[in-house]
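Q: The numbering used here applies: residue 19 is where the sequence shown begins, and numbers increase by one.
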Amino acid sequence: MKKLALLLGALSLVSSVAYAKEVVPAVEEVVVVEEAAPVAAAPALTVTYVGQNIEVDNWSGSKNGDIGNVMFGNSVGLAYGDDWTFDFFARKGWDMDTDKGTQSNGHRLQLDAWRNYENYSLGFRFRGEKDTDKYYLRGKYNYGMFSGFADVAYASHNGVSGNEDGIYIETIPVAVTVGPVTLAYYLEADEFALDTRDDGFNHSYRQQLRASMPLYNGEKLSLGLEYRWQFDTDVDYDKTKANEKVVYNEANENSHIVVLSAAYAVTENLTVSGYYQYDMYDYDTKNSDKDLYSPEYYGEFGLGWTYSF
Numbered sequence: 019m020k021k022l023a024l025l026l027g028a029l030s031l032v033s034s035v036a037y038a039k040e041v042v043p044a045v046e047e048v049v050v051v052e053e054a055a056p057v058a059a060a061p062a063l064t065v066t067y068v069g070q071n072i073e074v075d076n077w078s079g080s081k082n083g084d085i086g087n088v089m090f091g092n093s094v095g096l097a098y099g100d101d102w103t104f105d106f107f108a109r110k111g112w113d114m115d116t117d118k119g120t121q122s123n124g125h126r127l128q129l130d131a132w133r134n135y136e137n138y139s140l141g142f143r144f145r146g147e148k149d150t151d152k153y154y155l156r157g158k159y160n161y162g163m164f165s166g167f168a169d170v171a172y173a174s175h176n177g178v179s180g181n182e183d184g185i186y187i188e189t190i191p192v193a194v195t196v197g198p199v200t201l202a203y204y205l206e207a208d209e210f211a212l213d214t215r216d217d218g219f220n221h222s223y224r225q226q227l228r229a230s231m232p233l234y235n236g237e238k239l240s241l242g243l244e245y246r247w248q249f250d251t252d253v254d255y256d257k258t259k260a261n262e263k264v265v266y267n268e269a270n271e272n273s274h275i276v277v278l279s280a281a282y283a284v285t286e287n288l289t290v291s292g293y294y295q296y297d298m299y300d301y302d303t304k305n306s307d308k309d310l311y312s313p314e315y316y317g318e319f320g321l322g323w324t325y326s327f
């Protein structure tokens, strides 16, 4: 009997332990995985576009030939991150005439760098040509209906006899867009001389009022029109420093310019664009009773393509 009681007690203990294992839930091990904070990608230099263009400048009766000065250019755009953009441009020019043929006439190498902010950009430009190098400080802005730009350049004349270094200014200080129409004031000061040249040149400048608007905006084709009224032109010589009496032409204060532009989206990335500019000038000859020859018009035609990435 004593052995039987001990056996029953042992079985009771084993069964109670087994029941406890079934009733008490097992504790699960929880593994916590911490995600690493995202790391911003380092800025990279990327190509934004490539393009080519041809430009033909023609003055009536010009010595540059009856076709005019023809220039062929190549351009590349780059971006570094979201804040910096760069533009490279190189072109070669020729004078073309149906009788005299083609003659080389100048070249241009140009580099632009922009630091872009939310509503404005600050930049630098270097432009190198045969006889002149220019170093630009640049700025542009766009605040809703108001926009504008300003370029101020130091012009170095590479030892050209009689030409002193100067300052070049080109600006639209303010343009106002109301609906489809943009109205702007334009000023170009063509080299205020730092020291007068041998001929006594001081400066020349011109002022314009401009109005532009789109003519047509389709799915692929867009057309635009701009009118420029050149209401003020001034050329100044210091007669006390000139070696001899200077005879020169000055455009009168009522010149008219029309620009027609077009762009066609061949694909999502490829665009073909062009423009034609026609200037109607009338010149006055200064310091002489005889009129110097002056062109009756100036025409400028441009055509090119751009592939954007």
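Cβ atoms here follow ideal geometry from the backbone N, Cα and C, with glycine treated the same way.
Everything numeric in this text was worked out from a predicted model, so none of it was measured.
Beta carbon of D13, beta carbon of I275: below 7 Å?
A: Residue 13 falls outside the range modelled here, since the chain spans only 19 to 327, and no answer is possible.
Q: Using a 10 Å radius around the Cβ and a threshold of 16 neighbouring Cβ atoms, would you call L24 buried or exposed?
A: The predicted model places L24 with a pLDDT of 45, which falls under 50 and marks its position as unreliable, so this point remains unresolved.
Q: Counting C-beta neighbours from all protein chains within 10 Å, is the total for E237 16 or more, i.e. buried, or is it exposed?
A: Classification of E237: exposed, given that the 10 Å Cβ count is below 16.
Q: Express the C-alpha separation of F104 and Y186 in angstroms, rounding to a whole number.
A: Their backbone Cα atoms lie some 22 Å apart in a straight line.
Q: Roughly how many angstroms separate the alpha carbons of R156 and L129, rounded to a whole number?
A: Cα to Cα, R156 sits roughly 12 Å from L129.
Q: Confirm, please, whether the CB-CB distance from A193 to G166 is below 7 Å.
A: Against a cut-off of 7 Å, the Cβ pair of A193 and G166 comes out as a contact.
Q: Are the CB atoms of I85 and M114 within a distance shorter than 7 Å?
A: Closer than 7 Å, so yes.
Q: Comparing C-alpha positions only, which one of E314, A283, G242, A60 sits nearest to T324?
A: Measuring from the Cα of T324, the nearest candidate turns out to be A283.
Q: Which partner residues does T289 have in the DSSP bridge list?
A: DSSP, once it has assigned bridges, lists A283, T324 as partnering T289.
Q: Would you call the segment 228-243 and the segment 205-212 touching, i.e. three or more CB-CB distances under 8 Å?
A: Touching, no.
Q: Hey, out of S326, F327, Y293, whose CA is closest to G317's CA?
A: Cα-wise, what sits closest to G317 is Y293.
Q: Shortest alpha-carbon distance to N92 belongs to which of S326, F107, A171?
A: Considering only alpha carbons, the answer is F107.
Q: Buried or exposed, going by whether 16 or more other CB atoms sit within 10 Å of the CB of V65?
A: Burial call: exposed.
Q: Is the CB-CB distance between K148 and A171 below 7 Å?
A: Contact: no.
Q: Classify A108 as helix, strand or coil using the three-state DSSP reduction.
A: DSSP places A108 in strand when its eight states are reduced to three.
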